[in-house]
Amino acid sequence: MKKRTIGCIGYFEQTEFDFDFAVDRRQIESMLAARDDDFLMVHWEDLDLSLKSQHAWDIRRGVWTAADFGACDALMILEAPWPGTTRANFPRSQEMLRSMVARDLVVLPTARTFLDFVDKRYLLERDDMPFPRTVLLTDGSDIPALLKGFGDTVIVKPIVGFSGLGVLKLPNSVDRVKEALEPGQEYLLQEYLPEIADGERCLYFFAKKFRYAIVKRLHAGEYIANAEHAEFEAYQPTAAELALACDAVERFGSPSLIERIDIVGSKVIEMTIDSPGLAIHIAGVEREVGHWTYEAIDQSIDAQTRA
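Residue numbers are given in this note's numbering: position 23 of the sequence shown equals residue 631, and the series is strictly consecutive.
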């Protein structure tokens with residue numbers, strides 16, 4: 609197989625190179641072991657609008673170098689800026705992503721994923737999916753009318769989410785919900801799923817194939833399934849959970865080839881298709897994840913070649 613150059617864009621230490629996130633290091637190390645490709649790493653802030661950089665890290669040679677990421681055989685976006693982040697310039701990153709689409713570059717999970725799914729608006733638009741009951745909420749909404757469609761407890765969350773930040777569990781009370789809203793901000797009003805007490809099942813797909821799962825078991829009294837409020841464990845999904853997740857992947861039809869389907873009870877509470885938090889060490893798939901990532905890259909390159 610022809611030796612390739614894979615360009616990785618995300619968050620890294622920019623003076624003395626290191627990974628900001630251990631999960632990125634594990635994924636890249638697994639890929640390095642799987643094939644003999646070259647890897648160039650760049651922080652979003654060290655990449656110019658033409659996708660060139662004077663400060664890219666050549667991970668095999670252990671040196672900083674100049675590089676044209678637009679000339680790489682494939683790009684991997686390990687993390688992308690989100691609105692409000694201080695890690696990188698969000699509008700500038702969006703311009704780069706649009707350039708990747710216009711140039712028809714091979715990008716994993718695809719540049720369009722980070723353009724079209726910046727927020728969770730898809731939960732409102734896809735009534736064919738088994739999502740929890742969800743409506744758009746602002747300080748100008750008819751809150752009494754909206755709350756009539758929900759039970760005694762509701763969830764209010766920002767429409768741009770980040771690992772449970774800003775998610776509130778509230779009584780079905782007009783006053784309590786109003787208190788939670790900032791003027792001019794958009795939120796999701798969502799039904800509360802009591803089954804969350806039994807944990808959140810996260811099923812991971814590479815190249816549209818199920819590969820592994822974890823479960824997030826909440827601490828007593830908690831309702832947010834993140835690292836602060838839950839314990840994460842490797843998990844074998846039931847036949848019903850696997851069928852639900854596989855159907856969601858097929859039905860939703862996202863452009864991403866790395867996806868995480870989050871299940872609570874019989875509902876899909878989220879489709880995480882941009883930066884899915886791979887939980888590699890928890891699932892014990894350090895050796896396999898590189899091969900699965902390459903399967904998604906190969907599929908993307910083949911699709912471009914056939915186009």
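Just so it is clear, CB atoms sit at the ideal spot from N, CA and C, and this is done for glycine as well.
Subject >> Distance between Val-768 and Asn-686 (C-alpha atoms, nearest Å) >> reply: Inspection of the sequence shows that residue 686 is occupied by Leu rather than by Asn. Their backbone Cα atoms lie some 18 angstroms apart in a straight line.
**OP:** Please go through the same chain and pick out, in chain order, the residues whose beta-carbon is closer than 6 angstroms to the beta-carbon of Gly-678, but skip the five residues on each side of it.
**Re:** Cβ neighbours of Gly-678 beyond the five flanking positions: Leu-659.
Subject >> Residues near Ser-638 by beta carbon distance below 7 angstroms, same chain, minus five either side >> reply: Glu-894, Arg-895, Val-897 and Gly-898
Original post:
Which word fits Gln-781, buried or exposed, when buried means at least 16 other C-beta atoms lie within 10 angstroms of its C-beta?
Top reply: It should be pointed out that residue 781 corresponds to Ser in this sequence rather than to Gln. Exposed.
**OP:** Closer than 7 angstroms by C-beta to Thr-673: which residues in its own chain qualify, once you throw out the five before and the five after it? Chain order, please.
**Re:** Only Ala-664 and Asp-666 meet the Cβ criterion.
Original post:
Helix or strand or just coil, what does DSSP make of His-889?
Top reply: helix
Original post:
Lys-824 to Lys-765, Cα distance in whole Å?
Top reply: 19 angstroms
Original post:
Quick one: Cα of Leu-745 to Cα of Asp-628, how far?
Top reply: 34 angstroms
**OP:** Determine the direct distance from the alpha carbon of Asp-747 to that of Gly-792, and round the result to whole angstroms.
**Re:** 7 angstroms
Original post:
If you draw a straight line from the alpha carbon of Tyr-730 to that of Leu-640, how long is it in whole angstroms?
Top reply: 35 angstroms
Original post:
How would you label Val-671, buried or exposed, when you count the other beta carbons within 10 angstroms and need 16 or more for buried?
Top reply: exposed
Original post:
Taking contact to mean at least 3 C-beta pairs separated by less than 8 angstroms, is the segment 695–706 in contact with the segment 847–867?
Top reply: no
**OP:** Output the distance between the C-alpha atoms of Met-684 and Ala-710, rounded to the nearest integer angstrom.
**Re:** Between the alpha carbons of Met-684 and Ala-710 lies a distance of about 17 angstroms.
Subject >> Selected residue, minimal CA-CA separation from Trp-652, among Gly-692, Arg-669 and Ala-696 >> reply: Ala-696
Original post:
Which residue spans inside the segment 828–878 form an unbroken beta strand (DSSP E) run of at least 3?
Top reply: 838–842 and 866–872
Subject >> N- and C-terminal bounds of the beta strand (DSSP E) containing Ala-674 >> reply: 671–676
**OP:** Give the DSSP bridge partners of Leu-744, in chain order.
**Re:** Leu-796
**OP:** Entirely within the segment 619–658 and at least 3 residues each: give me those beta strand (DSSP E) ranges in chain order.
**Re:** Runs found: 646–651.
Original post:
Considering only C-alpha positions, which residue in the set Phe-739, Glu-841 and Ala-815 is nearest to Leu-801?
Top reply: Phe-739
Original post:
By DSSP, does Arg-612 sit in helix, in strand, or in coil?
Top reply: It is coil, neither helix nor strand.
**OP:** Quick one: grab the DSSP three-state call for Leu-773.
**Re:** In the structure shown, Leu-773 sits in coil (DSSP, three-state: anything other than H, G, I, E or B).
Subject >> Contact check, Tyr-902 vs Arg-643, beta carbons under 8 angstroms >> reply: Against a cut-off of 8 angstroms, the Cβ pair of Arg-643 and Tyr-902 comes out as a contact.
**OP:** Tell me whether the beta-carbon of Ala-853 lies closer than 8 angstroms to the beta-carbon of Leu-826.
**Re:** no
Subject >> Closest by C-alpha distance to Leu-811, when choosing among Ala-688, Asp-855, Lys-610 and Val-631 >> reply: The residue among Ala-688, Asp-855, Lys-610 and Val-631 with its C-alpha nearest the C-alpha of Leu-811 is Asp-855.
Subject >> CA nearest to the CA of Ala-753, picked from Ile-871, Met-649 and Val-785 >> reply: Val-785
Original post:
Does the Cβ-Cβ distance between Ser-936 and Ala-682 come in under 8 angstroms?
Top reply: Here the chain covers residues 609 to 915 and nothing more, so residue 936 does not appear.
Subject >> Check whether Val-762 and Glu-803 have beta carbons under 8 angstroms apart >> reply: no
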